[in-house]
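Have a look at the structure below, then the notes.
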Amino acid sequence: MKRVFLIFCVLMLSGCWWTTQNAHMPMGTSPLVTWGMGEAVSLSITGKMMEDHVASWVTGKECSVERFIKGEGKFCMTPAELARAARPDWKAEKVYCYKSIAAPTCYNQPSPYATDVLIGIYERPIFPLNDYD
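So this is what it looks like as structure tokens:
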């Protein structure tokens, strides 16, 4: 992992060339401008910077600086971790259960009758809908 981090740091610093009047690329732009244009094109087309593509290629995982900075996950994640992170959160609704003759009866709101004996209040998970539902 240290090697991957070292490679990543070297690639990040490769855009910081010292530019002089004689340091131009064949098209007449400075190396820093060329690197910046490459970053902009890569980011607009794929949503990832060039360093992310190299890190993904080296590690074999999906790497993204943007996801890491936003706090949406680790820098490099496996496909299983990405699927787990993309899952919607489950919600819970309160269920009120009351004593009855045969078995407890549960409702999603409190009973308006004072004679009903409350057994307990439970939280029932509400399962998120899948894309194919």
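My numbering applies: residue 7 is where the sequence shown begins, and numbers increase by one.
All residues carry an ideal CB built from backbone N, CA and C; glycine is no exception.
Note that the structure is predicted; figures quoted are calculated from it, not measured.
Straight-line measurement puts the Cα of Phe133 at about 26 Å from the Cα of Leu124.
Spanning the alpha carbons of Tyr104 and Pro116 requires a straight line of approximately 9 Å. Bridge partners of Ile127 according to DSSP: Tyr102. Approximately 12 Å separates the beta-carbon atoms of Tyr102 and Tyr119; this is outside 8 Å, ruling out the contact. The alpha-carbon of Asp58 is positioned some 14 Å away from that of Trp41. In this structure Arg73 is in contact with Gly79, their Cβ atoms being roughly 5 Å apart against a cut-off of 8 Å. Ala61 and Ser50 have their C-alpha atoms some 18 Å from each other.
The shortest C-alpha to C-alpha distance from Pro85 to any of Lys97, Lys54, Cys69 is the one to Cys69. Taking all protein chains shown into account, Met43 has fewer than 16 neighbouring C-beta atoms within 10 Å of its C-beta and is therefore exposed.
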